[in-house]
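In the numbering used here, the protein residues as written are 1417 to 1946. Right, one structure below, let's go through it.
Written out as structure tokens, the structure reads:
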């Protein structure tokens, strides 16, 4: 399809625009891409939310089966874009087509997963306490509870996952699945990819009879434009994946509204790896190879990239460091997503290198900045230096890691105690190591959302049991996940009905349980009718 460079509001390209045009950029070739894109006007923002608000009631009246078919139609339409989508996303990121063939599969898989969740229906957490009119000293009323949609949700496309965390990514899929209209802000680093996917969603909405305002896409480059979306009085929640600085600005703007709204922001994470003695002695070279692969995967531009490695200083650790150095010295430079990310990465390397007691141990092959290339890098330091410099625990987004050697188990525990919140932590060890470092395992449970044993955190399985979140500053809400089945619950709220007649209740709460969902009835989980 021919790209038009406009925002898409309720299924139609907007004729409105503001400010200077901007373009997609091919970081590998160092050149702009056609067409020109324009920031949505204030009128566009208002129209998108007004259409979304109009869609609220109509979309809520759609049956679970209709919503499921809508989600499946989006997946089918994205697949139908074929090579055109893959070609455009590769051009706007500099990453290989194999990466995006896989990411597209993840994106449509998420949509179909949420379709199945909606169709099955138990996600609404239907809970019933049956009336006991004879109870003494007071009768017990009939009380029934379930989750319902919030309203229009703002979703911010992510720079590092142009498909799986962007226009039709996990935030959009889960918000639509929960019954909410969505207004997406396209990431300016991949506007063409965003337009293609948005067109697929608009076509799917029309094909399945959804209200046009169920989805809109807005282009914009300024921070103030982004904050204006949060401040719009019709917005009810926000999904965001990006930097700590931007996520915190969005969170603060949402909190300062006359009616504050929830922000589900995934932000910075160093994802520490702890190397226990048994693992280093038994398979240090294997762990070094896994670390190299994990740090350099996607040029380190993954939210779960392991940027910190902590181990006990001994001969096994020295050998491990040598193996890591050899691997990173041979790593070719690679193109990052866009020049802004490269500049931030270079600033991060400079920040680490300027700390006394931190040494850049190795770096990859020479980089060509005309191709937006970055070198992989390994830094080393000792625990006492790490503990004295808070900036060493901050994320450097890219293919770099810091190795921290500790003189004792006590120093390892001090490093762990000093950590902020992260998405993941990894432990490499033996069964005996886990016994001896039980207190470390218990401590890390308070610091992260996912603990990995004898593996690496990159690669997030999209499933019911996954939790992709963590304590601040990894996210703004430690209770929520942006990946997997439970992402749907971010964009829903409880409603309680007391003493309502059967005909006036939602079908999920009626006695005969016509949907056949799992419910909690008088504190017992059951599918039985009442």
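Just so it is clear, CB atoms sit at the ideal spot from N, CA and C, and this is done for glycine as well.
Its chain contains 1560, 1913 as the residues whose beta carbon lies nearer than 7 angstroms to that of residue 1921, once the 5 sequence neighbours on both sides are disregarded; these appear in chain order.
For the set 1654, 1541, 1844, the Cα lying nearest the Cα of residue 1703 is the one of 1844.
Counting the other CB atoms within 10 Å of its CB gives residue 1465 a total of 16 or more, which places it among the buried residues. Residue pairing by DSSP puts residue 1564 in a beta bridge opposite 1909. Secondary structure note for residue 1481: its alpha helix (DSSP H) is the uninterrupted segment 1480-1496.
For the 8 angstroms CB-CB criterion, residue 1432 and residue 1457 form a contact.
In the three-state reduction of the DSSP assignment, residue 1733 falls in the helix class, which pools H, G and I. With 16 or more other CB atoms across the displayed protein chains lying within 10 angstroms of its CB, residue 1750 is buried. In the DSSP secondary-structure assignment, residue 1545 is bridged to 1559.
Secondary structure at residue 1866: strand, using DSSP grouped into helix, strand and coil. The DSSP-derived three-state label of residue 1828 is helix.
Apart from the 5 residues on each side of it in sequence, residue 1728 sits with its Cβ closer than 6 angstroms to the Cβ of 1693, 1822 in its chain, given in chain order. With fewer than 16 other Cβ atoms from the protein chains shown falling within 10 Å of its own Cβ, residue 1532 counts as exposed.
Rounded to whole angstroms, the gap between the alpha carbons of residue 1817 and residue 1850 is 24 angstroms. Counted as a single uninterrupted DSSP element, the alpha helix (DSSP H) harbouring residue 1702 occupies residues 1693-1712.
Counted as a single uninterrupted DSSP element, the beta strand (DSSP E) harbouring residue 1656 occupies residues 1653-1657. The region 1624-1641 and the region 1857-1873 do not touch, with fewer than three beta-carbon pairs separated by less than 8 angstroms.
Non-local beta-carbon contacts of residue 1619 in its own chain, meaning distances under 7 angstroms to residues more than five positions away in sequence, involve 1493 in chain order. The Cβ-Cβ distance between residue 1488 and residue 1528 falls below 8 angstroms. Between residue 1607 and residue 1498, the beta carbon gap of about 20 angstroms keeps them out of contact (Cβ cut-off 8 angstroms).
Taking C-beta atoms as the reference points, residue 1667 and residue 1651 fail to come closer than 8 angstroms.
Leaving aside the five residues that flank residue 1899 on each side, the residues in its chain whose CB is nearer than 7 angstroms to its CB run, in chain order, 1586, 1876, 1878, 1882, 1884. Taking every protein chain shown into account, the CB of residue 1442 has 16 or more other CB atoms within 10 angstroms, so this residue is buried.
As the crow flies, the alpha-carbon of residue 1428 is around 10 angstroms from that of residue 1614. Only residues of its own chain outside the window of five on either side were considered, and among them 1557, 1558 have a CB closer than 6 angstroms to the CB of residue 1915, listed in chain order. The alpha-carbon of residue 1709 is positioned some 29 angstroms away from that of residue 1495.
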